[in-house]
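K.L.:
Residue numbers (the working numbering): 454 to 585.
Right, dumping it as structure tokens:
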């Protein structure tokens with residue numbers, strides 16, 4: 454889950470934490486609306502099965518105003534569209550919201566896969582696309 458309001462595009466510019474590649478992880482990111490020409494302050498929280506969070510703060514760099522969002526990878530060649538570096542993992546679900554979620558809403562998402570009113574994007578790898 455990544456929440457944002459006005460930033461045009463952000464990408465992870467550094468990663469300093471290790472995750473067990475054989476475990477499922479619940480990642481939550483929030484953007485507080487403050488950024489400079491080169492950086493935005495993003496808070497990332499990683500939750501375990503008991504919904505206890507270990508808070509990690511990292512900087513994401515603001516790039517341009519193309520309004521693109523890349524989840525699970527990043528563009529590596531800005532001179533032409535199509536060159537990406539991707540994570541070596543599987544993304545099962547991605548949700549985006551138009552406001553920052555409360556701890557109770559996050560717990561409801563984690564425990565019950567709740568649908569919230571302010572949800573603006575939902576993608577699930579296990580649901581096949583609708584036939585046309």
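Using N, Cα and C, we set each Cβ at its ideal position, and we do this for glycine too.
If we ignore side chains and look at the alpha-carbon of each, how far apart do residue 547 and residue 556 end up?
P.N.:
Walking along the chain shown from the start, residue 547 turns up at place 94. Walking along the chain shown from the start, residue 556 turns up at place 103. Going by the C-alpha atoms only, they are around 18 Å apart.
K.L.:
Whole angstroms are fine: how far does the CA of residue 566 sit from the CA of residue 551?
P.N.:
In the chain shown, residue 551 corresponds to position 98, counting from 1. In the chain shown, residue 566 corresponds to position 113, counting from 1. Computed Cα separation, rounded: 18 Å.
K.L.:
From residue 545 to residue 477, what does the alpha carbon distance come to, in whole angstroms?
P.N.:
Within the chain shown, residue 545 is the residue found at index 92, counting from 1. Within the chain shown, residue 477 is the residue found at index 24, counting from 1. About 10 Å.
K.L.:
For residue 558 and residue 475, what's the separation of their Cα atoms in angstroms?
P.N.:
Position 105 of the chain shown, counted from the start, is the residue given in the question as residue 558. Position 22 of the chain shown, counted from the start, is the residue given in the question as residue 475. Distance between the alpha carbons of residue 558 and residue 475 is about 26 Å.
K.L.:
Spatial neighbours of residue 572 within its chain, please: C-beta separation below 7 Å, excluding the five flanking residues on both sides.
P.N.:
One-based indexing of the chain shown puts residue 572 at position 119. Within the same chain, residue 572 has close Cβ partners 548, 550.
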